[in-house]
Amino acid sequence: ILWRCKLALATSSHTPMDQKLLDYHDVLLRAGDLELLKPGAWLNDQIVSFYFEWLGREKHADACSGPLLYVPPALTFLVAMCGADDAGAILQPLSPASRRVVVFAVNDNEDGGAAGGGSHWSVLA
756 ILWRCKLALA TSSHTPMDQK LLDYHDVLLR AGDLELLKPG AWLNDQIVSF
806 YFEWLGREKH ADACSGPLLY VPPALTFLVA MCGADDAGAI LQPLSPASRR
856 VVVFAVNDNE DGGAAGGGSH WSVLA
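See the structure below:
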């Protein structure tokens, strides 16, 4: 698979967890994010964001320019925390009303001051 991204390979076996490894359109993955792909680890917003970005740009590129919209976790969190009055204005540039399917990655974080919190992910379509 050819990736349209910048990939920085680690030069040693002792990679700092904050070292940038993948810059893919709107998502930046660091070494610590990739550690979360190991068995028994919990996914974070960045991993879910990357997957949504990849689905939208590679797997379902034709559909995402039309009937399908993947809303990244950070935007979903903002919409959940802002309230109904502002949610429409926040999502309006993405034209969700013109889409057949809108997919949100939702976690159980209820604390607006703790971005990156929560312990369970769900997909809402």
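Numbering (the numbering used here), first residue to last: 756 to 880. Just so it is clear, CB atoms sit at the ideal spot from N, CA and C, and this is done for glycine as well. From a predicted model like this one, the values you see are computed outputs, not experimental measurements.
Backbone secondary structure at residue i - three-state DSSP
i: ALA869; result: coil
i: ARG785; result: strand
i: LEU833; result: helix
i: LYS775; result: strand
Start and end residues, alpha helix (DSSP H) containing residue i
i: SER804; result: 800–809
i: ASP841; result: 839–846
Alpha-carbon spacing of residue i relative to residue j, whole angstroms
i: GLN774; j: SER850; result: 35 angstroms
i: CYS819; j: ALA842; result: 21 angstroms
i: ALA869; j: PHE832; result: 10 angstroms
Beta-carbon proximity list for residue i, same chain, < 8 angstroms, skipping 5 on both sides
i: ALA880; result: VAL856, VAL857, VAL858, PHE859
i: LEU783; result: LYS775, LEU777, GLN801
Residues near residue i by beta carbon distance below 6 angstroms, same chain, minus five either side
i: GLU875; result: What sits at residue 875 in the sequence shown is His, not Glu. Only ASP863 meet the Cβ criterion.
i: ALA786; result: THR770, MET772, GLN774, LEU776
Terminal residues of the beta strand (DSSP E) in which residue i lies
i: ALA860; result: 856–862
Spatial neighbours of residue i in its chain, beta-carbon cut-off 7 angstroms, leaving aside the 5 residues before and after
i: LEU798; result: LEU791, TRP876
Could you say if the region 825–845 and the region 788–806 meet the contact criterion of at least three C-beta pairs nearer than 8 angstroms? The answer is yes - the region 788–806 touches the region 825–845, with three or more Cβ pairs under 8 angstroms.
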